[in-house]
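K.L.:
Numbering (the UniProt record's numbering), first residue to last: 1 to 218.
After the structure tokens below, expect a handful of questions from me.
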């Protein structure tokens, strides 16, 4: 039996509350052959349900590039919302899968899409988790380092700075964000804002870059 849209009703029936449809469950586990079989049986690649929302988000969260490509080739909507992460790019960014992040971006994923989750966009997630390669990919694709909850705990630059005080490898994330245009003035905490401005000034001094706009101390 088929639905008016042409999809098989049975193959798209939710199998469980957590795993959603059979396609979502297979995508999550990386069962490529099963994914292809279900699609051939007219499974809906954009069916919503389960904790991951869509099959694409499930596969993206696990870094399963082959499954991600199959789903995209068969019409999966890369910017579909829902699930525990909010969207596929958010899932790949949260779980530090740079190859999948790049695949999704190349297929039209919105790098500045906001979600109502702990990390409000892919860049915030990647910064908070120290995923340097993902941060670079997102910024290169146009992610706004100042987007989202400006001045609050959601500020990407603030997250990177605070973590850099405990883990030195976060310092390069601070530098990458500053180079991409992250604005220290959007950080509400005075001490952190001052330290960020001094850090930016020091970087300009040692690199010979013109000392603008960090030319004053509050």
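C-beta atoms are modelled at their ideal positions from N, C-alpha and C, and glycine is treated no differently.
As the structure is a prediction and not an experimental result, all values here were calculated from the model.
Cα-Cα, which of 189, 184 and 188 is closest to residue 198?
P.N.:
Comparing C-alpha distances from residue 198 to each of 189, 184 and 188 shows the shortest one belongs to 184.
K.L.:
Would residue 176 pass as a contact of residue 136 if the rule is Cβ separation under 8 Å?
P.N.:
The Cβ atoms of residue 176 and residue 136 sit closer than 8 Å to each other.
K.L.:
With the cut-off set at 8 Å, would you say residue 74 and residue 81 are in Cβ contact?
P.N.:
no
K.L.:
Should residue 159 go down as buried or exposed, given a rule of 16 or more other Cβ atoms within 10 Å for buried?
P.N.:
Counting Cβ neighbours within 10 Å, residue 159 comes out buried, since at least 16 surround it.
K.L.:
If we count the other Cβ atoms within 10 Å of its Cβ and call it buried at 16 or more, is residue 23 buried or exposed?
P.N.:
buried
K.L.:
When we look at the beta-carbon of residue 235 and count the other beta-carbons within 10 Å, is it buried (16 or more) or exposed?
P.N.:
Beyond the ends of the chain as shown, which are 1 and 218, falls residue 235; an answer cannot be given.
K.L.:
With DSSP collapsed to three states, give me the class of residue 153.
P.N.:
Interpretation of residue 153 is limited by its pLDDT of 49, a score under 50 that renders its predicted location unreliable; the figure taken from the coordinates is listed afterwards. Here residue 153 sits in coil by DSSP.
K.L.:
Could you tell me which residues DSSP pairs with residue 53 in its beta bridges?
P.N.:
According to DSSP, residue 53 shares a beta bridge with 49.
K.L.:
For residue 118, report the span of its alpha helix (DSSP H) as first-last.
P.N.:
Careful: residue 118 lies outside any alpha helix (DSSP H) and carries neither H nor E.
K.L.:
Just to confirm my understanding: we take residue 131, look at its own chain, exclude 5 residues before and 5 after, and list those with CB closer than 6 Å. What are they?
P.N.:
96
K.L.:
Kindly indicate which residue of 102, 62, 143 and 85 has the alpha-carbon position closest to the one of residue 116.
P.N.:
85
K.L.:
Tell me the residue span of the alpha helix (DSSP H) that contains residue 176.
P.N.:
Unbroken alpha helix (DSSP H) run through residue 176: 171-179.
K.L.:
Closest to residue 147 by CA distance: which of 167, 55, 122 and 170 is it?
P.N.:
122
K.L.:
How far does the alpha helix (DSSP H) with residue 28 in it reach, from first residue to last?
P.N.:
22-29
K.L.:
Taking the C-alpha atoms as reference points, what is the distance between residue 165 and residue 36?
P.N.:
47 Å
K.L.:
Could you check whether residue 91 and residue 60 sit closer than 8 Å to each other, using their CB atoms as the reference points?
P.N.:
yes
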